[in-house]
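As given, the protein sequences belong to chains U and S, one line each in that order. Residue numbers for the first sequence follow my numbering, so the first one is 48 and each next one is one higher. Residue numbers for the second sequence follow my numbering, so the first one is 384 and each next one is one higher. The structure appears below as structure tokens.
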Amino acid sequence: MERIYEVYDRIADHFAATRATPWPEVTSFLANRGPVACAVDVGCGNGRHSELLAERAGQVVGVDASGELLVVARADAVEAGYGGIFAPIRGDAGTLPLADAVADLGLYVATLHHLRPRARRRGSLDEFARVLGPDGLGLVSVWSVTHDRFDAAEGFDTIVPWTLPDGEQVPRFYHIYDPAEFSADISASACRAIDRFESSGNCYAVVRGA
Amino acid sequence: MKKSLLDILRDPLDKAELDLEVDERDGDEIVEGRLIGTETGEVYPIEDGIPNLLPPDMRDE
């Protein structure tokens, strides 16, 4: 199977065209936050949440493993008028290429579930905490077994294909979390959970860094 | 990328600072060049303005 970023490089244009709207959970997390100096979007993809960050941060750092998605994110940032403060960085969520405590505000949304194995997922939460630092505030989300399309009580590894307009299916690795397991991974990491909730088939944690 | 980004970018391998070598600029944007780990010596390319700081075992070339 291809690496997950190779998959997103291939499907970038089609993915971006269908993933433009911010998630309501992210919008409400960010409401009344800021202004801050720096926000980091880990797994920023095509930048669907970057504009929300740009409205409240002096600089937005978008990290993604897919170079093609970053090119889309940058073009959208320029078009929307925040290209000057948007910095696209190609990097791995498992070992972030950023200094300690640089982010006052962070998102790590719909990305953690693409990493494997579990030790790497937990390590990536440590990395998110490191970049947030003790004062930074972040939102983490993963796909959950509570979503309608799954029929399982416990977390599991699976392949969820992306279907391109020509019908070609491109397999993507996911670890679908159960809520207790997500809580356990957050607790085992350097992230300090302030709030946890489930919404629309995803598990969320609001965290402070370390 | 802008040079000021060096303040927050780090070598993914050991989180040490990075040195910058520029091949091509467009105003204050560095379009082509490389970042080099000050401790590891690892070379990370800047491609079309986007630094590629994937760890070496995840890069495709």
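All C-beta atoms in this analysis are idealised placements derived from N, C-alpha and C, irrespective of residue type, glycine included. Quick caveat: nothing in here was measured; it's all calculated off a predicted structure.
Roughly how far, in whole angstroms, is the beta-carbon of residue i from the beta-carbon of residue j, given that I think they are within contact range, below 8 Å?
{"i": "Gly109 (chain U)", "j": "Leu99 (chain U)", "result": "Not a contact, Cβ separation roughly 12 Å."}
{"i": "Gly183 (chain U)", "j": "Ala148 (chain U)", "result": "7 Å"}
{"i": "Phe76 (chain U)", "j": "Val107 (chain U)", "result": "Rounded, the Cβ-Cβ distance is 15 Å, inconsistent with contact."}
{"i": "Glu422 (chain S)", "j": "Asp397 (chain S)", "result": "5 Å"}
{"i": "Gly128 (chain U)", "j": "His194 (chain U)", "result": "So it is not a contact: roughly 35 Å between Cβ atoms."}
{"i": "Trp209 (chain U)", "j": "Val156 (chain U)", "result": "Trp209 (chain U) to Val156 (chain U), Cβ: 18 Å. No contact."}
{"i": "Met48 (chain U)", "j": "Pro218 (chain U)", "result": "6 Å"}
{"i": "Glu415 (chain S)", "j": "Glu407 (chain S)", "result": "4 Å"}
{"i": "Gly94 (chain U)", "j": "Asp123 (chain U)", "result": "5 Å"}
{"i": "Thr142 (chain U)", "j": "Pro434 (chain S)", "result": "Contact doesn't hold; Cβ gap of about 15 Å is too wide."}
{"i": "Met384 (chain S)", "j": "Ile413 (chain S)", "result": "5 Å"}
{"i": "Val207 (chain U)", "j": "Tyr251 (chain U)", "result": "Wrong, their Cβ atoms sit about 20 Å apart, outside the cutoff."}
{"i": "Val119 (chain U)", "j": "Ala63 (chain U)", "result": "5 Å"}
Examine chain U for any beta-carbon lying closer than 9 Å to the beta-carbon of residue i, and answer yes or no.
{"i": "Asp431 (chain S)", "result": "yes"}
{"i": "Ile413 (chain S)", "result": "no"}
{"i": "Lys386 (chain S)", "result": "no"}
{"i": "Arg417 (chain S)", "result": "no"}
{"i": "Asp409 (chain S)", "result": "no"}
{"i": "Leu392 (chain S)", "result": "yes"}
{"i": "Leu437 (chain S)", "result": "yes"}
{"i": "Leu403 (chain S)", "result": "no"}
Tell whether a beta-carbon distance below 9 Å holds between residue i and residue j.
{"i": "Leu159 (chain U)", "j": "Ala104 (chain U)", "result": "no"}
{"i": "Asp232 (chain U)", "j": "Tyr221 (chain U)", "result": "no"}
{"i": "Leu154 (chain U)", "j": "His96 (chain U)", "result": "yes"}
{"i": "Arg137 (chain U)", "j": "Gly170 (chain U)", "result": "no"}
{"i": "Trp190 (chain U)", "j": "Ile223 (chain U)", "result": "yes"}
{"i": "His161 (chain U)", "j": "Ile51 (chain U)", "result": "yes"}
{"i": "Val192 (chain U)", "j": "Asp225 (chain U)", "result": "yes"}
{"i": "Pro438 (chain S)", "j": "Asp56 (chain U)", "result": "no"}
{"i": "Ser236 (chain U)", "j": "Asp173 (chain U)", "result": "yes"}
{"i": "Arg417 (chain S)", "j": "Glu404 (chain S)", "result": "yes"}
{"i": "Ala227 (chain U)", "j": "Gly185 (chain U)", "result": "no"}
{"i": "Lys386 (chain S)", "j": "Asp409 (chain S)", "result": "no"}
{"i": "Gly238 (chain U)", "j": "Phe175 (chain U)", "result": "Just to set this straight, residue 238 (chain U) is Cys in the shown sequence, not Gly. Yes, these two residues count as a Cβ contact at 9 Å."}
{"i": "Arg265 (chain U)", "j": "Gly130 (chain U)", "result": "Absent from the model: residue 265 (chain U). The displayed extent of chain U is 48 to 257, so no value can be given."}
{"i": "Glu53 (chain U)", "j": "Ser246 (chain U)", "result": "no"}
Any beta carbon of chain S sitting closer than 9 Å to that of residue i?
{"i": "Thr142 (chain U)", "result": "yes"}
{"i": "Gly105 (chain U)", "result": "no"}
{"i": "Val254 (chain U)", "result": "no"}
{"i": "Arg137 (chain U)", "result": "yes"}
{"i": "Gly114 (chain U)", "result": "yes"}
{"i": "Val117 (chain U)", "result": "Residue 117 (chain U) is actually Leu in this sequence, not Val. So yes, Leu117 (chain U) belongs to the interface."}
{"i": "Val108 (chain U)", "result": "yes"}
{"i": "Val149 (chain U)", "result": "yes"}
{"i": "Leu145 (chain U)", "result": "yes"}
{"i": "Cys45 (chain U)", "result": "Given a span of 48 to 257 for chain U in the structure shown, any question on residue 45 (chain U) remains unanswerable."}
{"i": "Arg219 (chain U)", "result": "no"}
{"i": "Cys238 (chain U)", "result": "no"}
The ligand MG and residue i: does any heavy atom of the ligand fall closer than 8 Å to the residue's C-beta?
{"i": "Leu401 (chain S)", "result": "Among the components of this structure there are no ligands whatsoever, and the ligand MG is therefore not found."}
So does the segment 176-196 of chain U actually touch the segment 422-441 of chain S, counting three or more Cβ pairs closer than 8 Å? Output reads no: the segment 422-441 of chain S does not touch the segment 176-196 of chain U.
Could I get the ranges of all uninterrupted beta strand (DSSP E) runs contained in the segment 215-255 of chain U, with 3 residues as the minimum, in chain order? Runs found: 216-223, 239-246 and 249-255.
Extract the residue ranges of the beta strand (DSSP E) inside the segment 117-187 of chain U, only unbroken runs of 3 or more that lie entirely within it. Complete beta strand (DSSP E) runs here, min 3: 133-137 and 152-156.
Extract the residue ranges of the beta strand (DSSP E) inside the segment 62-99 of chain U, only unbroken runs of 3 or more that lie entirely within it. The DSSP assignment places complete beta strand (DSSP E) segments of no fewer than 3 residues inside the segment 62-99 of chain U at 83-89, in order along the chain.
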